[in-house]
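Step one of this worksheet: look at the structure below.
4 protein chains.
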Amino acid sequence: MTRASAGKPGTTIEENGYAPGSVPRRLLSVATKLFAKKGFDRTSVQEIVEAAGVTKGAMYHYFGSKDDLLYEIYARVLREQTDQLERLMAGDAPLAERLSAAASDVVVSTIANLDDATIFMQSMHHLSPEKQKSVRAERRKYHERFRSLIEEGQSSGEFRADKPADLVLDFFFGGVHHLGSWYRRSGSMSAQQVGDHYADLLLSALRPV
Amino acid sequence: MTRASAGKPGTTIEENGYAPGSVPRRLLSVATKLFAKKGFDRTSVQEIVEAAGVTKGAMYHYFGSKDDLLYEIYARVLREQTDQLERLMAGDAPLAERLSAAASDVVVSTIANLDDATIFMQSMHHLSPEKQKSVRAERRKYHERFRSLIEEGQSSGEFRADKPADLVLDFFFGGVHHLGSWYRRSGSMSAQQVGDHYADLLLSALRPV
Amino acid sequence: MTRASAGKPGTTIEENGYAPGSVPRRLLSVATKLFAKKGFDRTSVQEIVEAAGVTKGAMYHYFGSKDDLLYEIYARVLREQTDQLERLMAGDAPLAERLSAAASDVVVSTIANLDDATIFMQSMHHLSPEKQKSVRAERRKYHERFRSLIEEGQSSGEFRADKPADLVLDFFFGGVHHLGSWYRRSGSMSAQQVGDHYADLLLSALRPV
Amino acid sequence: MTRASAGKPGTTIEENGYAPGSVPRRLLSVATKLFAKKGFDRTSVQEIVEAAGVTKGAMYHYFGSKDDLLYEIYARVLREQTDQLERLMAGDAPLAERLSAAASDVVVSTIANLDDATIFMQSMHHLSPEKQKSVRAERRKYHERFRSLIEEGQSSGEFRADKPADLVLDFFFGGVHHLGSWYRRSGSMSAQQVGDHYADLLLSALRPV
DNA sequence: AATGAATGAGAGTTCATTCAT
DNA sequence: AATGAATGAACTCTCATTCAT
């Protein structure tokens, strides 16, 4: 073994710092499902630990509080979204194509993690003020990266410039966050189809008149 | 009846059935504010009655439960939205104008009642299943009325028909529901300006290519 | 009824604000016994309410917290001690007699309320910082009133002046607070006998050499 | 043996059986501080081990339980006090001098170990009944040794005999135990000065009238 | 119409201790 | 000698609701 993991040999460490199938991972996973389904306040710690098959003590060994559990869910979502956007923006395809790909991708990944998206919108107030601040800051950075794409097109004349980029983006993200309210996996449209439609709607809105 | 009596002097009973300034009205009003600010579960009955300057007994005299209070808030919002849409659709202006007016209006009235909108999105869980069903049914009727406007234009060729009307509408309403997350009254845009932009975005999305 | 009680007629209000035999009085009474016997931390709210024959909810209806219950016990003790000292100091008997009476009295009343005395010494840290401050301030006033008697005698030459009055007093009060550790009602000495001995010990200590 | 080895170089095992600086010694030392400052119940095992820089497992390796830690603290105090009293009584100085030296010494050593004294008074409850019994028995032996000095003087007529020796002693020890409530190292009196005053107060109380 | 004392179930959290390693 | 994950019982406190008045 050269340098793989500093901890116990044989332990694979995932991105979020917890081994797959481990107790904290199971807790995060069931908590995500339950928070999305019933809301944070209506989900008791008792329910979470029962669903994860552990005891309360075990949960409090890994997470300082119920709020902490929620924060970890937020942290993972933010990390993944930011990484993905970074990746898509970096290409050298034409601007409209990069924006379209980013828009389509955010829809597809939102649908792939609808529980996370549901929690994201509904549970901000349950985080402590400091954590809210940190989440909002990360979120703003994401928004601004996206906006810079639009502004680039507005400057070059490729996109219409008579609408504030922020307003267009907030409109678009509203649509994305709303997906949880209507999209059903079992419905007639695939996530990719919805993504393509949404990306097209965003670009229509930016098409010069 | 030509016009809803908005503040007609001498009227003691308002649309929602409670005299203005009366105990139940005060309760509904403070409950709306508190639910929007702290969430339904985080707001205790004690806080509500204290803010309204009455006692618990008084509250339970008028409302069967805390959930009831929430339901009344939903009921009023739904009633008002439906009435307003009905009024706007009824005109004989050209289709695009009527749709644009409806779109713009829903934005303006959402901004005028941001607390209601916030509660609407976040608190469905807390209603009893039957009440949820009733709210959803009313909501669906609203959505369908709006959709019929779009489909009319798609049939006539005035709007592009290669995008499902439902998808376009859900996209649009996502934007509307998201207003509470970013719109600030103290910002640089008036509610009417935002409404006009949003209506324009909707119509851009429907413009034939 | 001319002016007796502003509340419900027929209700007798005691010094501490609660009717005798009422729920809050019963709670205070059993809490005093239990805190003295087992210590504050080792006494659970559950035990208190069971011993008082009420439910937890009832307790939290009257007292904001377990700490509050403790504070009320302190408040009563302080009030009674101060009142009693005031009464004894006011007389016009010779100084030594007044001091002796006060010393003897504090012993007798400490023995009469041994539980209160036990709690007093052991449970200060369980009060909130602000309440600790308030208790200490009241206590200091008591101490100072007592000290002024001694200093008066030291100035006049009636008592020896080569020992700090504070030190003598702290020594004496140490003995008083220690009563709970050894005095048994069933023993051979009455409270009055102990009080007389203690007063005599204090005066011996002050007798000029 | 002429004198206890206080810091004799080359000695690795101290009186209480643990090498200085060793893990168990560090644990006893921080536990003493914490118990005195916050009380036994308010101090968690977690805090103790963190302050000592070890883990829980290490603590449970050396001490059977949290209570054990407390008992060891008691045991050391008792051993030292008893040894010291034995030493002082053994001399051939006149009775009054020996009593005075013992009284003064107990004050000085109490002040030197105020944390121990604080714990001693407040934490008896927390020992198991058997350990309480053992502590009390040891304590009684100490008290009786002290009392024998007084009774010796009462028999010989050197001390007044009209006050029970027990009562005088309990009065005195009350003063000693109370030291923690008022004595401040930074104050104007040295420990030795307070010891001399207290010894004098005790002897004044025993002086024949 | 309105009070407020009382209920009872359940919430989140803490903690001393154990045990496989 | 030492680790740290896991337990399970107990803890304080909250709250929507009821009911006699």
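Protein chains in written order, with the UniProt record's numbering: chain A, 1 to 209; chain B, 1 to 209; chain C, 1 to 209; chain D, 1 to 209.
All C-beta atoms, glycine included, are put in the ideal place defined by N, C-alpha and C.
Within the region 170 to 182 of chain A, the residues whose Cβ lies closer than 8 Å to some Cβ of chain B are Asp170, Phe171, Phe172, Phe173, Gly174, Gly175, Val176, His177, His178, Leu179, Ser181, Trp182, listed in chain order. Considering only beta carbons, the part of the region 106 to 122 of chain D lying closer than 9 Å to chain C consists of Met121, Gln122, in chain order. Along the UniProt domain "HTH tetR-type" (21 to 81) of chain D, the positions whose C-beta sits under 9 Å from a C-beta of chain C are Lys37, Lys38, Gly39, Phe40, Asp41, Arg42, read in chain order. A Cβ-Cβ contact shorter than 9 Å links His125(B) with Arg42(A). Annotation: Cβ neighbours of Tyr198(C) in chain D (cutoff 9 Å, chain order): Leu167, Phe171. Taking a beta-carbon distance threshold of 9 Å, Pro164(B) counts as an interface residue toward chain A. Burial is judged here by how many other beta carbons sit within 10 angstroms of a residue's own beta carbon; Thr55(A) has fewer than 16 and is exposed. Think of a sphere of 8 Å around the beta carbon of Ser155(A): no beta carbon from chain B falls inside it, the nearest being about 20 Å out. Of all C-beta pairs linking the region 127 to 142 of chain B to the region 60 to 77 of chain B, three or more are shorter than 8 Å, placing the two stretches in contact. Collapsing the DSSP output to three states places Met124(C) in a helix. By the 16-neighbour rule on beta-carbons within 10 angstroms, Val209(B) is exposed.
Going by beta carbons, Gly175(C) and Phe146(D) fall outside the 9 Å limit. With a threshold of 16 other beta carbon atoms within 10 Å, Asp83(B) falls short and is exposed. Secondary structure note for Pro208(B): it is in no alpha helix (DSSP H), with a DSSP letter that is neither H nor E. Going by beta carbons, Val135(D) and Tyr71(D) fall inside the 9 Å limit.
Chain-ordered listing is empty here: chain A has no CB closer than 7 Å to the CB of Ser190(B), the nearest sitting near 13 Å. The region 100 to 115 of chain C and the region 157 to 169 of chain C do not touch, with fewer than 3 CB-CB distances between them shorter than 8 Å. Ranked by how close their Cα comes to the Cα of Ser156(A), the residues Leu206(A), Arg79(A), Leu27(A), Ser188(A) have Leu206(A) in first place.
Closer than 9 Å to the CB of Val135(B) there is not a single CB belonging to chain A.
Contacts with chain B at 9 Å (Cβ-Cβ) include Leu201(A). If you draw a straight line from the Cα of Tyr74(D) to the Cα of Glu50(D), it is about 22 Å long. At a cut-off of 9 Å between beta-carbon atoms, Ser204(D) makes contact with chain C. With respect to chain C, the C-beta atom of Arg207(D) has a partner C-beta closer than 9 Å. A distance of 9 Å or more separates the beta carbons of Leu28(A) and Arg98(A). Counting only the Cα atoms, Ser44(D) lies some 13 Å from Lys37(D). By a beta-carbon distance limit of 8 Å, Ala191(D) contacts Ile111(D). Their separation comes to about 4 Å. For Glu158(C), no alpha helix (DSSP H) segment is defined, and its DSSP state is neither H nor E. Of all alpha-carbon atoms in Met89(B), Ala58(B), Gly21(B), the one lying nearest the alpha-carbon of His143(B) is that of Met89(B). Tyr142(D) sits in a helix when the DSSP states are folded into three classes. DSSP places Met59(D) inside the alpha helix (DSSP H), whose first and last residues are 56 to 62. Straight-line measurement puts the Cα of Leu78(D) at about 7 Å from the Cα of Glu138(D). Asp67(D) carries a helical assignment under DSSP once its states are collapsed to helix, strand and coil. For Asp115(A), same chain residues with a beta-carbon under 7 Å away, outside a window of 5 residues either side, are Thr32, Lys33, Ala36 in chain order.
A distance of 9 Å or more separates the beta carbons of Ser100(B) and Leu169(B).
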